[in-house]
Amino acid sequence: MCGIVGGTSNRNILPILIEGLRRLEYRGYDSAGVAYKTNGKISLVKNAGRVDDLAAKLNLKTNKSNIGIAHTRWATHGVPSEKNAHPHNSKNNIYVVHNGIIENHSALKEMLKKEGFKFSSQTDTEVIAHLIQLYTEKGKDLDSAVISTIAKLKGAYALGVLDKNNPDTLIGVRQQSPLVIGEGFEEKFIASDIMALSNITNKFKFMDDGQIAILEKDQITVTSSSGVAARLKTQEVDSNAYTNDLKGYSHFMEKEIFEQSDVIKDSLEGRLTKNESQEGIFGVGFEKEMKNISNIQIIACGTSFHAGRIFEFWSHKFLGINCRVDYGSEYQYQEPIKTDKTLLITISQSGETADTLSSLKFAKKSGDPVTLTICNVANSSLCRESDYALLTKAGPEIGVASTKAFVTQLACLNLLLLTLMRVHNKLPAARKKITAALKDLPKLINKTLKMTGEYKQVAKLLFKRNSALFLGRGLYFPIAREGALKLKEISYIHAEAYPGGELKHGPLALIDKNMPVIALAPDNEHLAKITSNIEEVAARKGKVITIGPLGRTKIDKNGGHIKIPKTLDLLNPIVSVVPLQLIAYYTAVFKGTDVDKPRNLAKSVTVE
Ligand code: F6R
Numbered sequence: 001m002c003g004i005v006g007g008t009s010n011r012n013i014l015p016i017l018i019e020g021l022r023r024l025e026y027r028g029y030d031s032a033g034v035a036y037k038t039n040g041k042i043s044l045v046k047n048a049g050r051v052d053d054l055a056a057k058l059n060l061k062t063n064k065s066n067i068g069i070a071h072t073r074w075a076t077h078g079v080p081s082e083k084n085a086h087p088h089n090s091k092n093n094i095y096v097v098h099n100g101i102i103e104n105h106s107a108l109k110e111m112l113k114k115e116g117f118k119f120s121s122q123t124d125t126e127v128i129a130h131l132i133q134l135y136t137e138k139g140k141d142l143d144s145a146v147i148s149t150i151a152k153l154k155g156a157y158a159l160g161v162l163d164k165n166n167p168d169t170l171i172g173v174r175q176q177s178p179l180v181i182g183e184g185f186e187e188k189f190i191a192s193d194i195m196a197l198s199n200i201t202n203k204f205k206f207m208d209d210g211q212i213a214i215l216e217k218d219q220i221t222v223t224s225s226s227g228v229a230a231r232l233k234t235q236e237v238d239s240n241a242y243t244n245d246l247k248g249y250s251h252f253m254e255k256e257i258f259e260q261s262d263v264i265k266d267s268l269e270g271r272l273t274k275n276e277s278q279e280g281i282f283g284v285g286f287e288k289e290m291k292n293i294s295n296i297q298i299i300a301c302g303t304s305f306h307a308g309r310i311f312e313f314w315s316h317k318f319l320g321i322n323c324r325v326d327y328g329s330e331y332q333y334q335e336p337i338k339t340d341k342t343l344l345i346t347i348s349q350s351g352e353t354a355d356t357l358s359s360l361k362f363a364k365k366s367g368d369p370v371t372l373t374i375c376n377v378a379n380s381s382l383c384r385e386s387d388y389a390l391l392t393k394a395g396p397e398i399g400v401a402s403t404k405a406f407v408t409q410l411a412c413l414n415l416l417l418l419t420l421m422r423v424h425n426k427l428p429a430a431r432k433k434i435t436a437a438l439k440d441l442p443k444l445i446n447k448t449l450k451m452t453g454e455y456k457q458v459a460k461l462l463f464k465r466n467s468a469l470f471l472g473r474g475l476y477f478p479i480a481r482e483g484a485l486k487l488k489e490i491s492y493i494h495a496e497a498y499p500g501g502e503l504k505h506g507p508l509a510l511i512d513k514n515m516p517v518i519a520l521a522p523d524n525e526h527l528a529k530i531t532s533n534i535e536e537v538a539a540r541k542g543k544v545i546t547i548g549p550l551g552r553t554k555i556d557k558n559g560g561h562i563k564i565p566k567t568l569d570l571l572n573p574i575v576s577v578v579p580l581q582l583i584a585y586y587t588a589v590f591k592g593t594d595v596d597k598p599r600n601l602a603k604s605v606t607v608e
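In my numbering, the protein residues as written are 1 to 608.
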């Protein structure tokens, strides 16, 4: 949510900042801005709208600079507008870009007004610029002014700071919002994530919460929030993985859906033996700790929450271990109940989701769980806050709607299931079967990806509708929810998911000839009942599309059936989600929405 990029270099920094913003645009895209210094003067260019509009306004051919900060915004305080776009400045001296929320900004604003500061935006960010200015006016140097400012701030924030009177210095601050430092030869950068800078460096330092980085072209000084020097080691990352090349696809979401067979392979690579999960894949000591586990708590949001709900079924059926799944945003509202040893799992693509992160911290404070994160981003906040981490290895996910992250989360949760089954000595024959089926999964996903003609036919039935209903039972209900989430977020068609049995308890009232219903029809004990639910819809002239491993594929203007490859029932949800992703994708394409950047949304939700 919001992207920051800044840098100081011997070369012209402006094209780097603009390209960095383009690469960060998936984090927020309602407005953008840049502040850069030339001949001791700071210029500010801001724009409501996309980075390309900002680039046009900036005129990259004539303008040049060696130091600057830039920002792409996802509005929290104040409408998307040029005034509210970052950077914000105080008295044309101090310029600030900010990701996060300053919770006590109202009180600070009142205090600053009394000091004579004038506010020109509705944002919470502007107080930061004025506070730094206030402290410099009181005689503090820039570093100390930043330290005094952050002592006053409550909330989560990453900052980039530029000062007219310190022509060669750029400051970065991290406090519960991500910020990395990129290193080049005689040039240094800050950014919200690696993606922004991966075309110019593969060397990064990962800041910790509460740290301040003072960047000059040829030196980086990192201190704690009280000014004590800190050392951060430089890590080399595979920057090839962070490409923003569409590779011939029309959208990142499409590319990412079609990568799913390969990324599942990557996430299983080296983690399975012939019949089992490989020992030690969750880190040293994990399996020993798991022997005493008698309770599982999962915390996640959105798509990652749906992955957690599927694991809940697996845990009850194959482990006999009670598993509860909560939204990151809701977990803290339940009084914690003391239980026997708990495994607390967070699931997250970004590893930075504020709701999930704050619930993890809350859980650690209020109990003594063993914490594990299933996460796609190494060095992310969730990885650092957890005792153990298993990386999903989906590669960077740029489309705002999560797809390949989801299937790799499920593959990794299956590795966890196999590991806990082994540690708890459960069902050796089933372990062997699951392992074999898991290895086979990429092949089945590939087959499912080939049926684009059928998905487009279904999308044609959907794209002019106002609503759609998704039905599933048991472990296919979270998949129905995931299908509805995908459709609503990228096509803006109102979509809801219900357990099949709930239909007659209310939503049946919605059914008429204009209501398409997509039902998951698995080859398991729920088939008869979901078939009855489908009959109930058909009897009321609803258009039904079923998806499942039985029957024959046939779609016409009244609906029909899509036959998907069959695997073990516990893994079939992973195959079933692929048609739903592609149906949502093609529906959005037919509607002409901005698939990769749906309105009002942003990837990596770093505010609560
Ligand atoms: C939906 C989607 C969101 C995320 C949610 C959690 O397509 O992308 O619902 O799943 O914001 O994000 P992570 O997984 O990064 O914690």
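Even for Gly, the Cβ is constructed at its ideal location relative to N, Cα and C. Because the structure is a prediction, the values reported are computed rather than measured.
Query                                                                                                                                                         : Result
With a threshold of 16 other CB atoms inside 10 Å of the CB of Arg-481, please say whether the residue is buried or exposed.                                  : buried
Alpha helix (DSSP H) containing Asp-52: first to last residue?                                                                                                : 51-58
How many whole angstroms separate the CB atoms of Val-605 and Ile-490, which I take to be in contact at a CB cut-off of 8 angstroms?                          : The Cβ separation is near 16 angstroms, so there is no contact.
On the three-state DSSP scale, how would you describe Asp-326?                                                                                                : strand
Quick check on the DSSP output: the alpha helix (DSSP H) that includes Tyr-455 runs from which residue to which?                                              : 452-462
The ligand HEM and Thr-303: does any heavy atom of the ligand fall closer than 8 angstroms to the residue's C-beta?                                           : With respect to small molecules bound, the structure shown includes the ligand F6R and not the ligand HEM.
Take the Cβ of Phe-318 as the centre, count every other Cβ of all protein chains shown within 10 Å, and call the residue buried at 16 or more, exposed below. : buried
Across which residues does DSSP place Lys-164 in a beta bridge pair?                                                                                          : Paired residues: none, contrary to the question.
Confirm the yes/no value for this check: CB of Leu-568, any heavy atom of the ligand F6R, distance under 8 angstroms.                                         : no
Between the Cα of Leu-24 and the Cα atoms of Thr-243, Leu-568, Leu-508, Thr-419, which residue gives the shortest distance?                                   : Thr-243
Between Val-228 and Val-146, what straight-line distance do the alpha-carbon atoms span, to the nearest angstrom?                                             : 14 angstroms
Quick one: what's got a C-beta closer than 7 angstroms to Asn-63's C-beta in the same chain, skipping five residues either side?                              : Leu-14
Less than 7 angstroms between C-beta atoms, sequence neighbours within five positions excluded: which residues of the same chain meet that for Pro-336?       : Ser-366, Gly-367
From which residue to which residue does the alpha helix (DSSP H) around Leu-44 run?                                                                          : Not the alpha helix (DSSP H): Leu-44 falls in the beta strand (DSSP E), residues 41-48.
May I ask which residues mark the beginning and end of the beta strand (DSSP E) holding Cys-375?                                                              : 370-375
Could you tell me the alpha carbon to alpha carbon distance between Ala-378 and Ile-530, rounded to whole angstroms?                                          : 41 angstroms
Give me whichever residues DSSP pairs with Glu-236 in a beta bridge.                                                                                          : Lys-203
Pick out the complete beta strand (DSSP E) segments inside the segment 506-580, 3 residues or longer, and give them in chain order.                           : 516-520, 543-548, 554-556, 559-563
Does the ligand F6R have a heavy atom nearer than 8 angstroms to the CB of Lys-486?                                                                           : yes
Given this structure, state the Cα-to-Cα distance separating Leu-372 from Thr-273, to the nearest angstrom.                                                   : 22 angstroms
Could you tell me the distance, in whole angstroms, from the CA atom of Leu-510 to the CA atom of Leu-382?                                                    : 41 angstroms
Does DSSP put Ser-90 in a helix, in a strand, or in coil?                                                                                                     : strand
Of all Cβ atoms in chain C, is any one closer than 9 angstroms to the Cβ of Ala-437?                                                                          : The structure shown has no chain C; it contains just one protein chain.
Could you pull the start and end residues of the beta strand (DSSP E) that Lys-154 belongs to?                                                                : Premise fails: Lys-154 is in no beta strand (DSSP E) and is neither H nor E.
Kindly indicate which three-state DSSP category Arg-465 falls into: helix, strand or coil?                                                                    : coil
Any heavy atom of the ligand F6R closer than 8 angstroms to the Cβ of Gly-395?                                                                                : no
Only counting runs of 3 or more residues, tell me where the beta strand (DSSP E) segments fall wholly within the segment 203-286, in order along the chain.   : 203-206, 211-216, 219-223
Below 8 angstroms, is the gap between the Cβ of Ser-192 and the nearest heavy atom of the ligand F6R?                                                         : no
Would you check if the segment 52-69 and the segment 103-119 touch, i.e. whether three or more CB-CB distances between them fall below 8 angstroms?           : no
To the nearest angstrom, how far is the alpha carbon of Gln-457 from that of Lys-557?                                                                         : 8 angstroms
Would you mind sorting Gly-483 into buried or exposed? The rule is 16 or more other CB atoms within 10 Å of its CB.                                           : buried
Would the C-beta of Gln-334 count as close to the ligand F6R, meaning under 8 angstroms from any of its heavy atoms?                                          : no
Let me know if Gln-176 comes out buried or exposed under the rule of 16 or more other beta-carbons within 10 Å of its beta-carbon.                            : buried
Any heavy atom of the ligand F6R closer than 8 angstroms to the CB of Ile-171?                                                                                : no
Given a cut-off of 9 angstroms on the beta-carbon distance, is the pair Gly-6 and Gly-49 in contact?                                                          : no
What is the DSSP secondary structure of Gly-632, reduced to helix, strand or coil?                                                                            : Shown here, the chain extends from 1 to 608; a query on residue 632 therefore has no answer.
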